[in-house]
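The opening position of the sequence shown corresponds to residue 538 in the numbering used here, with each subsequent residue numbered one higher. Think of the CB as a built atom: it goes at the ideal place given N, C-alpha and C, for glycine as much as any other residue. As the structure is a prediction and not an experimental result, all values here were calculated from the model.
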Amino acid sequence: MATIPVAVPYSNDALSEAERAQMLARRYHAEFVDLKNFKIQHDLFKSVPVDLMFRYSFVPLEQSEGRLSIALSDPSKLMVIDEISGLLGTRIVTRVATLSQITDLLKKTEQSQRVLDEATEGLAFDVVSSEENADENISIEKLTADDDISPIIRLVDTTIFTALERRASDIHLETFDDSLLVKYRIDGVLQQAMAPIAREHHQTILSRIKIMSELDIAERRVPQDGRFRVRYKGRLIDFRVSIMPTVHGENAVLRVLDKESMSEKFTKLSLDVVGFAEKDLTRFRRYIKEPYGMVLVTGPTGSGKTTTLYAALNEIKSEEDKIITIEDPVEYQIRGITQIPVNEKKGLTFARGLRSILRHDPDKILVGEIRDAETAQIAINSALTGHLVFTTVHANNVVDVLGRFLNMGVEPYNFVSALNCILAQRLVRQVCEFCVQDVHYNDAQLEENGLRPSEWRDVVFKEGPGCIECGGTGYRGRSAIHELLELDDEIREMLLEKRPGSEIRKKAKAKGMAFLRDSALERVRDGITTLKEINKVTFIETGR
């Protein structure tokens, strides 16, 4: 005997969004669909007006036998479904999905589709050979003679174009057993660029990238590195390519190096735009203008250390001083400064290059990174013998730097004597200015983030729900947070006595030093970033 379903009252809070959607689907005899695992048909998306999908919050799933299957969050709105059917001139089959999944998909697809459509209209890249011979220009027209491969070429070119339009720093191609995923790293975070690509196109796409990078298309078992250059909006942009074999096939990462655009920005670059707090900025400017010593910037890869040092050099460069840098690689060129690229294959290491630099009578030196004891020793000796040395090292915070150098076997007295200051840095994403909204947190949420409700209760936080301009992320652009340790006699003595890091930090705090978490919270208070974002790069400390 069939059981009669009984309506049970439920609390919205007790059920997740997915559970509520499944309940609605059962109630209205519709199929529930999880859009995370659903392969979207891009041709079908193109056939439905984007403004219509946004207005009624639905996405088309598939079309067969004169019926269009769509996913929406509320199947009870029969008038809306009839209206969609009338506007599209086709019969509708409704399926149920969560509103957040529909919204996320619309944001992502609309953004990608808009740019992809622009790309395919009149896109013409010139792929320039890495050989210095200017005659060896490879244009896409030469490579599109075969109709079978032209869609793949168009796809690769469009992916590159979209990455440049969306300010991506890297393009990731990740291979799985059934598909190829394309992701962009935008503002330091990976975002899916488009729907997964069928697995059978994987090798053709990778071969196209290898041809552009002048790599061996027959070699699939060992890593390969290459580079290519494209002409985009009248300027040349370099791409550094890394191919890596995995269990499902080859993965590729394309690093975008927009040197011309960045060189223009870097001519106007100063410490004012890096994101310093006013007090730290004044002190840091004092140290970069000292006659000699070492200015050390620390932080993980991609935390903007090089940009900060370039900004410092840009402020202090003059006709009277000779500034020489040694970097791996020279990312951006600055007029008026001699820049040397490391070339380890030819034997030009940081240590060897630094020795040669000292024979060129420099006043100020930038060493891209200290990786070994020999480079560290030469840099310290340079700082002690009348040169101002700027350099970076990988460490978590200003106190960990000494341990890093001691592990390299550096003499502590010389190192501490040479140091002017240590600056630790991280990057945080900024709230998108196009969709920013005011947000209030309750006391429990403030305490979860290590904040005192009495101090933060009245603060209006800023967050972005996501829009077309920021690709649905709520963030656009990045800003730096800092902690600056000044080395006075007392701190130097504590370092030489190898006092615990916690003790040194306590003393530095008593002298007025602001830590990374303080700097991050200041950005939150000013509405520049969010608590969620700063929790990704700094530790939550109770009772702030």
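Work out the CA separation of residue j and residue i for me, nearest whole Å.
{"i": "Ser750", "j": "Leu561", "result": "52 Å"}
{"i": "Gln578", "j": "Leu598", "result": "7 Å"}
{"i": "Cys972", "j": "Lys573", "result": "25 Å"}
{"i": "Asn880", "j": "Asp865", "result": "8 Å"}
{"i": "Gln559", "j": "Arg745", "result": "43 Å"}
{"i": "Gly1003", "j": "Val585", "result": "22 Å"}
{"i": "Leu1032", "j": "Leu1022", "result": "12 Å"}
{"i": "Tyr950", "j": "Glu1034", "result": "10 Å"}
{"i": "Ala551", "j": "Gly771", "result": "Caution is warranted here: a pLDDT of 47 is assigned to Ala551, below 50, making its placement in the model unreliable, and the coordinate value is therefore given only provisionally. Taking the straight line from one Cα to the other gives about 56 Å."}
{"i": "Glu556", "j": "Val633", "result": "11 Å"}
{"i": "Ser553", "j": "Ser637", "result": "12 Å"}
{"i": "Arg703", "j": "Arg1013", "result": "10 Å"}
{"i": "Glu868", "j": "Asp694", "result": "24 Å"}
{"i": "Leu983", "j": "Ile1077", "result": "11 Å"}
{"i": "Gly841", "j": "Glu568", "result": "48 Å"}
{"i": "Ile607", "j": "Ala732", "result": "17 Å"}
{"i": "Ser622", "j": "Asp641", "result": "23 Å"}
{"i": "Leu743", "j": "Cys1007", "result": "29 Å"}
Comparing the C-beta of residue i with each C-beta of chain D, is any distance below 7 Å?
{"i": "Val930", "result": "Protein chains in the displayed structure number just one, and chain D is not present."}
Given a cut-off of 7 Å on the beta-carbon distance, is the pair residue i and residue j in contact?
{"i": "Ala955", "j": "Arg941", "result": "no"}
{"i": "Val926", "j": "Ile959", "result": "no"}
{"i": "Thr627", "j": "Leu605", "result": "yes"}
{"i": "Leu773", "j": "Arg764", "result": "no"}
{"i": "Ser807", "j": "Ala849", "result": "no"}
{"i": "Cys969", "j": "Gly1011", "result": "yes"}
{"i": "Leu846", "j": "Leu903", "result": "yes"}
{"i": "Asn788", "j": "Glu857", "result": "no"}
{"i": "Val997", "j": "Glu1070", "result": "no"}
{"i": "Leu594", "j": "Ile629", "result": "The sequence shown places Ser at residue 594, not Leu. The answer is no: Cβ separation not under 7 Å."}
{"i": "Asp900", "j": "Lys859", "result": "yes"}
{"i": "Asp724", "j": "Arg1015", "result": "yes"}
{"i": "Ile863", "j": "Ile853", "result": "no"}
{"i": "Ala1017", "j": "Val811", "result": "yes"}
{"i": "Phe713", "j": "His785", "result": "yes"}
On the premise that residue j lies in contact with residue i, defined as a C-beta separation below 8 Å, what is that separation, rounded to the nearest angstrom?
{"i": "Pro990", "j": "Asp980", "result": "4 Å"}
{"i": "Tyr721", "j": "Ile708", "result": "6 Å"}
{"i": "Asn511", "j": "Met831", "result": "This structure does not reach residue 511, given that the chain is present from 538 up to 1081, and the question cannot be answered."}
{"i": "Ala961", "j": "Thr835", "result": "5 Å"}
{"i": "Ile907", "j": "Val930", "result": "5 Å"}
{"i": "Asn986", "j": "Leu885", "result": "Rounded, the Cβ-Cβ distance is 48 Å, inconsistent with contact."}
Check whether the Cβ of residue i lies closer than 6 Å to any heavy atom of the ligand FMN, and answer yes or no.
{"i": "Leu794", "result": "Although the ligand FMN was asked about, the structure shown includes no ligands whatsoever."}
Going by C-alpha to C-alpha distance, which of the options sits closest to residue i?
{"i": "Thr631", "options": "Arg592, Val570, Ser637", "result": "Val570"}
{"i": "Leu891", "options": "Gly873, Glu1070, His924", "result": "His924"}
{"i": "Glu911", "options": "Val938, Arg966, Asn944", "result": "Asn944"}
{"i": "Ala730", "options": "Leu718, Lys999, Arg736, His739", "result": "Leu718"}
{"i": "Ile690", "options": "Asp715, Thr741, Arg704", "result": "Thr741"}
{"i": "Ala1045", "options": "Glu1020, Leu1058, Glu1059", "result": "Glu1020"}
{"i": "Arg563", "options": "Phe813, Ile907, Ser613, Phe575", "result": "Ser613"}
{"i": "Ile825", "options": "Ala755, Gly841, Ala920, Thr838", "result": "Ala920"}
{"i": "Arg758", "options": "Leu1053, Tyr565, Thr783", "result": "Thr783"}
{"i": "Lys1073", "options": "Ser855, Leu1053, Val947, Val778", "result": "Leu1053"}
{"i": "Lys988", "options": "Glu1030, Asp909, Val1061", "result": "Per the sequence shown, the amino acid found at residue 988 is Leu instead of Lys. Ranking Glu1030, Asp909, Val1061 by Cα distance to Leu988 puts Val1061 first."}
{"i": "Ala1047", "options": "Leu1058, Ile1028, Ile1065", "result": "Ile1028"}
{"i": "Ile1041", "options": "Tyr829, Gly1009, Gly1008, Asp937", "result": "Asp937"}
{"i": "Thr844", "options": "Tyr978, Thr699, Ile871", "result": "Ile871"}
{"i": "Met781", "options": "Tyr769, Arg792, Asp795, Pro760", "result": "Pro760"}
Where are the alpha helix (DSSP H) runs, 4 residues long or more, that stay fully inside the region 772–822, in chain order? 796–804
Start-end ranges of the beta strand (DSSP E) lying completely within the region 995–1019, minimum 3 residues: 998–1000
What alpha helix (DSSP H) runs, 4 residues minimum, are completely inside the region 883–925? 887–895, 910–921
Let me know the alpha helix (DSSP H) ranges lying completely inside the region 1026–1072, each 4 residues or longer, listed in chain order. 1026–1033, 1038–1047, 1053–1062
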